[in-house]
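Here the structure is laid out as structure tokens; the discussion comes afterwards.
Numbering (UniProt numbering), first residue to last: 1 to 63.
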């Protein structure tokens with residue numbers, strides 16, 4: 001079916017390209033997972049944030 005004003009070369013199906021929007025996700029500088037923010041002065045994910053929180057609060061000395 002074709003109507004006046006409809007272009008025959010334009011498909012109405014959704015695009016097959018990836019639906020990523022915006023910049024790529026920032027990565028955790030410790031484990032390279034997706035970072036959730038800057039924690040303790042470093043861009044980290046939630047897991048690394050919790051690890052460093054426990055290390056700081058427990059005054060552990062990791063070598």
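We put the beta carbon where it would ideally sit given N, CA and C, even for glycine. Just so we're clear, the structure is a prediction, and the values are computed from it rather than from any experiment.
Original post:
Applying the criterion that 16 or more other CB atoms from any shown protein chain within 10 Å of the CB defines a buried residue, is residue 35 buried or exposed?
Top reply: buried
Original post:
Leaving out the 5 sequence neighbours to the left and right, which residues in its chain are closer than 8 Å to residue 43 when beta-carbon positions are compared?
Top reply: 26, 27, 28, 29, 35 and 37
Subject >> residue 46: first and last residue of the uninterrupted alpha helix (DSSP H) it sits in >> reply: 46 to 57
Original post:
Could you give the C-beta distance for residue 52 and residue 40, rounded to a whole number, given that I count them as a contact under 8 Å?
Top reply: 5 Å
Original post:
Taking DSSP as the reference, what is the three-state secondary structure of residue 41?
Top reply: coil
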